[in-house]
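In my numbering, the protein residues as written are 1309 to 1527. Quick reminder that beta carbons are idealized off the backbone N, C-alpha and C, glycines included. Computed from a predicted model, the values in this text were never measured in an experiment. What follows is a single structure, written as structure tokens, with notes after it.
Structure, rendered in structure tokens:
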């Protein structure tokens, strides 16, 4: 919302409208300053919209002759480019004097630059303040409380010994009244693998076990 006031002082702003099918009505108390040069962009935006309104009204009548002078005045006074005003930039001040070009808006441009520099400084201050609170999260409470005088010490966890390998025994045969165990060759825990044997040895062990069972049954 852009506006222009003539007399400084307190005033009331009322906004009425329709928002997604619901009536919207809100009032706010404002204070119009006597002179505020901190935001030159606001008055420039107002002037640009004012130029667009003048052109739109003139185009509906079919003639722009009645609004050209006002558009030129707004363009020169607020340093905006229009269909009837443009910018001319020269290298230095002597070039303006050489070509006898009056810099009517020199003071305004200097004021705008000062306001822009002040705005950049304010934004930089806000940005630096926000960055101060940004950092990696401490995953360890000891590290979060650590300081150069009281560094955190994290003790390594003791490694757990390997669990004993389970021994698989052949269930006892109650009918035979006796039991036996077969000691299979198993590799040590330090070697890779899980105690595998070669096929020839496996067949020999199975055959020996079957022969032993057969002899016991005959006995």
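Contact under 8 Å by Cβ, residue i with residue j
| i | j | result |
| --- | --- | --- |
| residue 1359 | residue 1379 | yes |
| residue 1412 | residue 1384 | yes |
| residue 1345 | residue 1423 | yes |
| residue 1354 | residue 1312 | yes |
| residue 1316 | residue 1348 | no |
Residue i versus residue j: straight-line alpha-carbon distance, rounded
| i | j | result |
| --- | --- | --- |
| residue 1362 | residue 1331 | 31 Å |
| residue 1327 | residue 1333 | 10 Å |
| residue 1495 | residue 1442 | Here the model assigns residue 1495 a pLDDT of 49, short of 50, so the residue's position is not dependable, and the following value carries that caveat. Straight-line Cα distance between these residues: approximately 56 Å. |
| residue 1416 | residue 1433 | 26 Å |
| residue 1393 | residue 1319 | 35 Å |
| residue 1336 | residue 1438 | 30 Å |
| residue 1447 | residue 1435 | Bear in mind that a pLDDT of 49 at residue 1447, under 50, signals an unreliable position, so the number given afterwards is only what the model happens to contain. Taking the straight line from one Cα to the other gives about 26 Å. |
| residue 1405 | residue 1421 | 22 Å |
| residue 1367 | residue 1428 | 40 Å |
| residue 1398 | residue 1325 | 48 Å |
| residue 1409 | residue 1329 | 56 Å |
| residue 1270 | residue 1365 | Summary: the structure shown does not reach residue 1270, with the chain confined to residues 1309 through 1527, and so no result is reported for it. |
| residue 1310 | residue 1396 | 28 Å |
| residue 1369 | residue 1314 | 29 Å |
| residue 1381 | residue 1372 | 15 Å |
| residue 1402 | residue 1321 | 48 Å |
| residue 1374 | residue 1440 | 57 Å |
| residue 1407 | residue 1343 | 35 Å |
Limits of the alpha helix (DSSP H) - the one that residue i falls within
| i | result |
| --- | --- |
| residue 1359 | 1348-1369 |
| residue 1311 | It is not in any alpha helix (DSSP H) - residue 1311 carries neither H nor E in the DSSP assignment. |
| residue 1329 | Run containing residue 1329: none; DSSP gives neither H nor E here. |
| residue 1536 | This structure leaves residue 1536 out entirely; the chain is present only between 1309 and 1527. |
| residue 1406 | 1401-1406 |
Bridge-paired residues (DSSP) for residue i
| i | result |
| --- | --- |
| residue 1323 | 1334 |
| residue 1423 | In DSSP, residue 1423 forms no bridge with anything. |
| residue 1340 | 1317 |
Cβ distance (whole Å) where residue i is taken to contact residue j below 8 Å
| i | j | result |
| --- | --- | --- |
| residue 1356 | residue 1388 | 5 Å |
| residue 1351 | residue 1386 | 6 Å |
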